[in-house]
Every structure is written in C-alpha cells, then in structure tokens.
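Following: one structure in structure tokens, then a few remarks.
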Amino acid sequence: MKSSILRASAVSLACALVLSACGGGGGDLTLGGAVQNVTQDGLVLQNNGGDDTKVVYPYTSFQFGNRVSTDDQFNITVAHIPDNASECHVNNGKARANYYSIYQISVACTIKQHALTVEVTNSTGVGITIVNGADKKDVLAGVTSASVSMSPVNEGSPYGITVLSTPAGKTCTVSGGSNGNGTGTMGQVDTTVTVSCK
Amino acid sequence: MKFSLARPALAFAITVTLASCGGGKATFPINVTVTNLQYPGLILSTNGMDYTVNPPATTGQDVTFAFPNAIEYGQTYDVIPKGQTVTNGTLTALGAQPAHQTCSSPTFPKSGTAGQLAKIDIHYVCAVNTFPLTGTVKGLTGTGLTLANGSTYLPVTVSPALDSANAPTGADVTLTMNPVPYGTTYGVTVVTQPTGQTCTVTGGANGTGGGTMDDAAEKAGGVTNLVVTCVKSS
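This is the structure in structure tokens:
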C-alpha cells in the first residue's frame, strides 16, 4: 500500500516536472519571421486578433511583443497593409508553437506597379539609349518620335530617366516626372517622361 | 611434385575470390549541377580530374555533368573551382571562375566521402559580379538629399558633413550607391534636392552620372568618379 502511494506520487511529480519543462509555465518562444516586398510603413500584423505589431524600417522582419508557450495556438493575420501594396499574406502563420513552427513564419506583400513611359523626340538622326538605372531601352537611328515603355516601377520607388549617350554636338533634355526633370517617386498613377534630343 | 601443383592452384583460387569481391564494389559517379552560368571560364576539379564547364546553349538553363571517372566507396571528394585555396578558413584564391561571375556551393556540401549519401550530387550557383558605384558630394549644406540609380533600390540619403557644433561645413561627403552588376547600365539622378540647395550629378562614363558596368569599368574595379555638386538654390 505504502509503496503504491509512493510510486504514484513520484510518477505524478515526475510528470509535472516534465510538463513544466516543456513550457507549461511562462511563454519563452518569440513569434516572428521574415518580411518580403515591403518598402514603407503601414504593415500591421496580429496574433490571435491582438498584440498589434507594426513592421518598421528596414522592413525585413517582424517580432511580436508577447511571447508564447510551447503548444499555444498562434494565428498570425494581416490587420493593415502598406498603402503601396495590393495584398499581403502570411505563410505558415497558423500552428501550435514549438521550436520548429515558430521558425517557419513569413509575410510577403505584392507592391502595386505603374507604367513608366518615355515620349521621345529625336531629330538628330543618331540612335540614343535611355536608361532608368539598370533598365535600358534603345531608340534606333532615324526614329524621330517614339513612345518607349520602360519596365513598370513599384509605387513609392524612385525613378530617374537619363540619356546614356547623347549624340555628339547635340543636346538631350529630359523633362516631366514628379520632379520635372525626368526623376521622381512613382505615385499612384502611371507616369510619362519626355526626352527631346536635337 | 604433387605439392608444387597444389600451391599454384590455391593461389589461383585466392585470386579468383579476391577478384569477385573487388568486382562487386560500389562506385559513385560525381554528379554536378551548375545554376546561372552565363560566361565561359569555369573549371571544376576533384580527385585529380578537371572539367571545363561551358555556359548552357539556352540561357538560364542548368548545366549538369558527371566527372569522367567514378570514385569508390570510402574515397573522399572535394569539388572546387580549380586552384581555389582556403587558408585558415578564409578564401584566399577563388580558383578558375567564369568571366564576370563567381560560383560557389553555399547551401550544399561540395565535399564528402563516397557512400555517405546514396548519390553524390554537387550543386554550384553562379552570381554575376557586382562593382562599386561611388563618388563624392561637394558643397552639401542642406538636409534631405536623396539619390537613386533607377528603380532597383530604395534611394540613398546623403547628409552634410557637420562641425563640432553640429553646423554643416559643406565639406566633401562620400557617396556610395548600391553596387552594380557587370553588364548592366547605371544612371544616377537626384530624387530629392536638399533644403535650400540644388545638386547636379556629373561623372560616370557619360559625364552625367550614367554608363555601363562594362569591361573597362570592371578592370578599374568599378565606377568611383561620380561627383554631385550642390549649390545654393537661386
């Protein structure tokens, strides 16, 4: 009789110790993850409908303020998206917390893009090359006017149209865009820039 | 006489037995996949074999091959760009890399012992080399200057040099744009002018902050001659 009581209490004590070691007590896991395609403030994440967390500069990761315990259910949702995003979604955001599941979480947004068009007039007869950084478009010799579509630009991203090689003895002027000289920050609508070489 | 006949017969039997053991020994081909190879020049090397890896016929496709000789169970391999050396854990020579690119095996083991895994699959990934795009900002006293190279990256903010009393001095400030990959164009422009000043960009290959990261720029170690001159707005 004695021995069976002793055995039972010893077993239950051992169980209790194991359970508390597994995180039955205070939360010790940090919920967070990587963030992709966020370039400005405005992304707000929630866990189980609360603990609002803003994703801030440099917009590459997030971390919730409240820690969770092993086996706690977490459910990360997007409460607000940046103004320049069309949608944001959470990957692996709903699970029970453990050392594996908390490292699988990420958030990715899709940024709205807008067309960047360059209206070219070129009376020099010599071909020119127009660049927006690494985006390069050629206007062939003899083409006097053309509408050149550059690669679309993310809303809120900068752009700067320049002429890579001005024909010798001629002048190229770039105008338009939000700064008036072919540069600016992409707003909420398509943008047209003008290049005139003569 | 009898014995002398028996002895060679025994030796023959042993030889046959040994040969049958050796014949069954597993061999392991060393398979390699190279991703994003765009230029010639890569030579991969292991176990005394060199293999010249040429870019794929169709741009963007992986190149796969196996070294000419398979290795035996228990032999070690280490597939490296020929001549690559590591000294005390630091890469001291890149080895035979393709032109304008650097190939590495960052996430997959490139070395091991045959038999550790069922199959030897080495994976190399090549990246186009990038070069600095830097220069100097002159006369900057206002705040808020940002410059961009097209739309690929967020704008770069440049703050004026300050004296001990935190007043702007207008002294030269270093400009560091994001590095530019070989073969791509650049065109640096002012996105936001500083308060009370107007800045213009000069330098680069075309004299107005633009150009191509071409062979000449690669040889020079990048483009370092950008000059942004800021004057009081009229």
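Line order of the protein sequences matches chains A and B. Its first residue numbered -14, the first sequence is counted upward by one per residue in the working numbering. Its first residue numbered 34, the second sequence is counted upward by one per residue in the working numbering. Ideal Cβ positions, reconstructed from N, Cα and C, are used throughout, including at glycine.
Check for me: the beta strand (DSSP E) holding residue i runs from which residue to which?
i	result
B:Asp196	First-last for B:Asp196: undefined, no H or E at that position.
B:Asp248	Taken as a continuous stretch (DSSP letters only), B:Asp248 belongs to no beta strand (DSSP E), being part of the alpha helix (DSSP H) at 248 to 252.
A:Ile90	First-last for A:Ile90: undefined, no H or E at that position.
B:Tyr72	Taken as a continuous stretch (DSSP letters only), B:Tyr72 belongs to no beta strand (DSSP E), as it is neither H nor E.
B:Ala126	123 to 126
B:Thr233	230 to 235
B:Phe164	163 to 171
B:Asn182	178 to 182
A:His99	98 to 107
A:Ala19	17 to 21
B:Gln134	134 to 137
B:Asp26	Residue 26 of chain B is absent from the model: chain B starts at 34 and stops at 267.
B:Tyr219	218 to 225
A:Gly112	Neither: A:Gly112 is in no beta strand (DSSP E) and is coded neither H nor E.
B:Gly244	243 to 245
A:Ser71	70 to 76
A:Ala80	79 to 81
B:Lys265	256 to 265
B:Pro212	206 to 214
B:Gly145	144 to 146
B:Thr190	189 to 191
List the residues of chain B whose Cβ lies closer than 8 angstroms to the Cβ of residue i, in chain order.
i	result
A:Gly169	Val224
A:Leu149	Thr218, Gly220, Asn239, Gly243, Gly244, Thr245
A:Val138	Ser184
A:Asn117	Gly183, Ser184, Gly220
A:Lys97	Those do not exist, as A:Lys97 stays about 13 angstroms from chain B at its closest Cβ, beyond 8 angstroms.
A:Thr24	Leu187
Would you mind telling me which residues of chain B sit closer than 7 angstroms to residue i, beta carbon to beta carbon, in chain order?
i	result
A:Tyr144	Gly183, Ser184
A:Lys121	Thr218
I want to verify the contact list: residues of chain A whose CB lies under 7 angstroms from the CB of residue i, in sequence order.
i	result
B:Leu166	Neighbours of B:Leu166 on chain A: none; closest Cβ ~10 angstroms, over 7 angstroms.
Please compile the residues from chain A whose C-beta is within a distance smaller than 9 angstroms of the C-beta of residue i.
i	result
B:Pro188	Ser142, Pro143, Thr170
Do you know whose CA, among the options, lies nearest residue i's CA?
i	options	result
A:Val53	A:Gly35, A:His65, A:Thr45, A:Ser46	A:Gly35
A:Val82	A:Asp57, A:Ser71, A:Ile66, A:Cys94	Residue identity check: residue 82 of chain A is Ala in the sequence provided, not Val. Of the listed residues, the one whose Cα sits closest to A:Ala82 is A:Asp57.
B:Ala132	B:Asn64, B:Thr68, B:Lys252, B:Pro73	B:Pro73
A:Gly165	A:Thr109, A:Tyr144, A:Glu140, A:Asn22	A:Tyr144
B:Met61	B:Pro101, B:Gln94, B:Leu70, B:Asp95	Before going on, a small fix: residue 61 of chain B reads as Phe here, not Met. Per the Cα distances, B:Pro101.
B:Gln134	B:Thr118, B:Pro188, B:Val119, B:Glu251	B:Glu251
A:Gln48	A:Gly17, A:Ala64, A:His74	A:Gly17
A:Asn107	A:Val124, A:His99, A:His74, A:Gln173	A:Val124
A:Thr95	A:Leu28, A:Thr156, A:Val111	A:Leu28
Run the proximity test for residue i: is its beta-carbon closer than 6 angstroms to any non-hydrogen atom belonging to the ligand ZN?
i	result
B:Cys136	Absence of the ligand ZN from the depicted structure is noted, as is the absence of any ligand whatsoever, leaving it without description.
Cβ closer than 9 angstroms: which chain B residues qualify as neighbours of residue i?
i	result
A:Thr156	Within 9 angstroms Cβ-Cβ: nothing; A:Thr156 doesn't reach chain B, min ~12 angstroms.
So with Cβ pairs under 7 angstroms, would you call residue i a contact of chain C?
i	result
B:Val234	Among the chains of the structure shown, chain C does not appear; the protein chains present are A and B.
What residue ranges within the stretch 115 to 183 of chain A form continuous beta strand (DSSP E) runs of no fewer than 3 residues, ordered along the chain?
Runs found: 120 to 124, 130 to 139, 143 to 148, 157 to 161, 168 to 170, 176 to 182.
Could you pull out every unbroken beta strand (DSSP E) segment of at least 3 residues lying fully inside the stretch 23 to 67 of chain A, listed in chain order?
Whole beta strand (DSSP E) segments, 3+ residues: 29 to 32, 35 to 39, 46 to 48, 58 to 65.
Stretch pair the stretch 83 to 90 of chain A + the stretch 147 to 159 of chain B: three plus CB contacts closer than 8 angstroms
Touching, no, given that fewer than three Cβ pairs across the two stretches are closer than 8 angstroms.
Are the stretch 229 to 240 of chain B and the stretch 163 to 176 of chain B in contact at 8 angstroms, needing three or more beta carbon pairs?
yes
Any chance the stretch 138 to 148 of chain B sits against the stretch 114 to 131 of chain A, with 3 or more Cβ pairs inside 8 angstroms?
no
Three Cβ pairs or more, each shorter than 8 angstroms: is that satisfied between the stretch 211 to 224 of chain B and the stretch 105 to 125 of chain A?
Enough Cβ pairs lie closer than 8 angstroms, so yes.
In the stretch 95 to 121 of chain B, which residue ranges form an unbroken beta strand (DSSP E) of at least 3 residues, counting only runs that do not cross its ends?
96 to 99, 109 to 111, 118 to 120
Evaluate the contact criterion for the stretch 223 to 233 of chain B versus the stretch 173 to 183 of chain B: three or more CB pairs, one atom per stretch, below 8 angstroms.
yes
Per the contact definition of three or more C-beta pairs closer than 8 angstroms, is the stretch 238 to 255 of chain B in contact with the stretch 194 to 201 of chain B?
no
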